[in-house]
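Chemist: Quick one: this structure, given as structure tokens, is what I'll be asking you about.
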Ligand code: BDR
Ligand code: CA
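Numbering (the working numbering), first residue to last: 43 to 376.
Structure below.
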């Protein structure tokens with residue numbers, strides 16, 4: 043059984059990841075920790091509660107986290123990818139192009155009405171201490187909360203089973219700059235601080251997430267066969283698929299489709315042998331022209347004497363059995 047915490051900015055593909063984790067019998071979801079990113083922290087936290095409500099998991103804990111990056115100024119939220127409400131404009135009361143009313147108003151009648159009394163970083167530390175060596179952190183938003191947890195508890199790397207990060211890219215072009223992926227660009231200092239620490243870290247970045255596409259046929263299958271969970275994924279993905287079709291990686295595809303990004307990090311927890319990893323010291327560029335870029339010391343590792351001897355080896359996913367992961371995701375949810 044994998045005890046996991048999902049650190050998230052829900053988020054259309056975050057919703058897919060949460061649904062996947064909840065549906066799999068080998069995962070125990072200890073909680074969601076929320077972070078700014080795709081939307082602001084109020085919406086991120088509210089969406090986390092709402093998604094758990096719809097998925098029938100209102101007893102899963104939600105801890106609110108960071109509203110801004112650890113060092114740099116915040117970037118604009120990705121409403122053009124995830125909708126003004128972060129959920130493809132399907133949050134109750136949302137209108138296309140316009141965010142819904144205030145978080146407080148909309149959560150008043152919710153089943154998942156409570157937020158943890160501790161913040162995201164303390165929630166992570168609390169769980170890691172309660173279940174030493176058992177908790178896997180699955181980070182699918184900017185890395186601010188996890189870095190803050192590590193800052194407060196320097197023993198965190200030895201208290202957890204592992205850290206799986208959806209973020210970064212090595213060979214694949216970036217999705218917010220030629221070299222940068224959104225989660226790393228949103229808080230490069232936090233991401234870099236985590237890669238400096240010695241813990242079992244795996245990066246599930248665009249090198250693999252852009253290989254695992256969900257077409258409208260796949261998403262429709264969920265809508266028709268996976269109850270409320272499937273409908274939430276179908277409905278919330280309409281705006282996201284449009285973004286991919288009009289401007290993103292799927293512009294020339296035969297059928298409308300989107301990347302499953304964050305759900306691939308959950309897949310790594312469940313079927314790691316579907317991924318091929320390269321190991322090496324890694325850094326995230328904190329500023330300048332290449333801000334947010336993941337730099338991986340591949341050659342150094344192959345030479346046995348790493349170029350970056352001050353960096354522990356990080357596992358970076360560079361190839362994936364796409365069909366296998368996609369089917370595992372779909373069948374788990376159905
Ligand atoms: C990542 O950025 C966000 O927009 C997605 O939710 C995902 O976590 C992909 O680059
Ligand atoms: Ca995300």
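In this text, a Cβ means the ideal position worked out from N, Cα and C, and glycines have one as well. Fair warning: this is a prediction, and the values are worked out from it, not measured in the lab.
What is the C-beta distance between residue 321 and residue 355, in whole angstroms, given that I count them as a contact (C-beta under 8 angstroms)?
Modeler: Indeed, because the Cβ distance is near 4 angstroms, the residues count as touching under 8 angstroms.
Chemist: Say yes only if the C-beta of residue 53 is nearer than 6 angstroms to one or more non-hydrogen atoms of ligand 2, and no if none qualify.
Modeler: Yes, the beta carbon of residue 53 sits closer than 6 angstroms to at least one heavy atom of ligand 2.
Chemist: With distance defined between alpha-carbon atoms, name the residue in 110, 61 and 53 nearest to residue 308.
Modeler: Of the listed residues, the one whose Cα sits closest to residue 308 is 61.
Chemist: Given that a residue counts as buried once 16 or more other Cβ atoms are within 10 Å of its Cβ, and exposed if not, what is residue 223?
Modeler: Buried, since its Cβ has 16 or more Cβ neighbours within 10 Å.
Chemist: Whose C-beta lies closer than 8 angstroms to the C-beta of residue 319 among residues of the same chain, with five residues either side of it excluded?
Modeler: 244, 357, 358, 359 and 360, listed in sequence order.
Chemist: Report yes if the C-beta of residue 303 is less than 6 angstroms from at least one heavy atom of ligand 1; otherwise report no.
Modeler: Yes, the Cβ of residue 303 comes within 6 angstroms of a heavy atom of ligand 1.
Chemist: Exposed or buried, what is residue 59 when buried is set at 16 or more other beta-carbons lying within 10 Å of its beta-carbon?
Modeler: Buried is the call here.
Chemist: Using C-beta distances below 7 angstroms, list every residue in its chain close to residue 68, excluding the 5 sequence neighbours before and after it, in chain order.
Modeler: 43, 44 and 312, listed in sequence order.
Chemist: So the beta strand (DSSP E) residue 70 belongs to, where does it begin and stop?
Modeler: Here the beta strand (DSSP E) through residue 70 covers 69-76.
Chemist: Under the criterion of a Cβ to heavy atom distance below 6 angstroms, does residue 56 qualify as lining ligand 2?
Modeler: Residue 56: yes, Cβ under 6 angstroms from ligand 2.
Chemist: Using a threshold of 6 angstroms, is the CB atom of residue 207 nearer than that to any non-hydrogen atom of ligand 1?
Modeler: For ligand 1, not one heavy atom lies less than 6 angstroms from the Cβ of residue 207.
Chemist: How about residue 374 and residue 65: do their beta carbons lie closer than 7 angstroms?
Modeler: Yes, the pair counts as a contact, with Cβ atoms nearer than the cut-off.
Chemist: If we define contact as Cβ-Cβ less than 7 angstroms, is residue 109 a contact residue for chain D?
Modeler: Among the chains in the structure shown there is no chain D, since it carries only a single protein chain.
Chemist: Under DSSP, the beta strand (DSSP E) around residue 283 begins and ends at which residues?
Modeler: First-last for residue 283: 269-288, but that is the alpha helix (DSSP H), not the beta strand (DSSP E).
Chemist: For residue 297, count the other beta carbons within 10 Å of its own beta carbon; 16 or more makes it buried, fewer makes it exposed. Which is it?
Modeler: Exposed.
Chemist: Using a Cβ-Cβ cut-off of 6 angstroms (strictly less than) and excluding sequence neighbours within five positions of residue 282, which residues of its own chain qualify?
Modeler: Same-chain partners within the cutoff: 54, 130 and 300.
Chemist: Leaving out the 5 sequence neighbours to the left and right, which residues in its chain are closer than 7 angstroms to residue 189 when beta-carbon positions are compared?
Modeler: For residue 189, where only same-chain residues beyond five positions count, the Cβ hits under 7 angstroms are 112, 232, 235 and 236.
Chemist: Compute the distance between the beta-carbons of residue 163 and residue 194, then report whether it is under 7 angstroms.
Modeler: Against a cut-off of 7 angstroms, the Cβ pair of residue 194 and residue 163 comes out as a contact.
Chemist: Quick one: Cα of residue 270 to Cα of residue 340, how far?
Modeler: If you take the alpha carbons of residue 270 and residue 340, they lie about 44 angstroms apart.
Chemist: Who pairs with residue 335 in a beta bridge, going by DSSP?
Modeler: BP columns for residue 335 point to 222.
Chemist: Is any heavy atom in ligand 2 found nearer than 6 angstroms to the beta carbon of residue 90?
Modeler: Because no heavy atom of ligand 2 lies under 6 angstroms away, the Cβ of residue 90 does not count as near it: no.
Chemist: So is the beta-carbon of residue 195 under 6 angstroms away from any non-hydrogen atom of ligand 1?
Modeler: Every heavy atom of ligand 1 is 6 angstroms or more from the Cβ of residue 195, so no.
Chemist: Going by alpha carbons, who is nearest to residue 99 out of 133, 334, 174 and 156?
Modeler: Measuring from the Cα of residue 99, the nearest candidate turns out to be 156.
Chemist: Verify whether the separation of the beta carbon atoms of residue 364 and residue 207 is less than 7 angstroms.
Modeler: No. Outside cutoff.
Chemist: Quick one: does the C-beta of residue 210 sit closer than 6 angstroms to a heavy atom of ligand 2?
Modeler: Flag unset: Cβ of residue 210 not near ligand 2.
Chemist: May I ask you to report which of helix, strand or coil DSSP gives residue 252?
Modeler: Residue 252: coil per DSSP, three-state reduction.
Chemist: Using DSSP's beta-bridge definition, name the partner residues of residue 240.
Modeler: The partner list for residue 240 (beta bridge, DSSP) is empty, contrary to what the question assumes.
Chemist: What three-state label does DSSP hand residue 179 in the structure shown?
Modeler: In this structure, residue 179 counts as strand in the three-state DSSP scheme.
Chemist: Between 191, 202 and 88, which has its C-alpha nearest residue 176's C-alpha?
Modeler: Checking every option, the nearest Cα to that of residue 176 belongs to 202.
Chemist: Quick one: what does DSSP say residue 303 is sitting in, helix, strand or coil?
Modeler: Residue 303: coil per DSSP, three-state reduction.
Chemist: By how many angstroms is the C-alpha of residue 337 removed from the C-alpha of residue 187?
Modeler: Answer to the nearest angstrom: the Cα atoms are 22 angstroms apart.
Chemist: Between which two residues does the beta strand (DSSP E) carrying residue 357 extend?
Modeler: Element bounds for residue 357: 356-362.
Chemist: Alpha carbon to alpha carbon, how far is residue 371 from residue 121?
Modeler: If I take the Cα positions, the gap works out to 25 angstroms.
Chemist: Nearest-angstrom Cα distance between residue 126 and residue 70?
Modeler: Approximately 31 angstroms between the Cα atoms of the pair.
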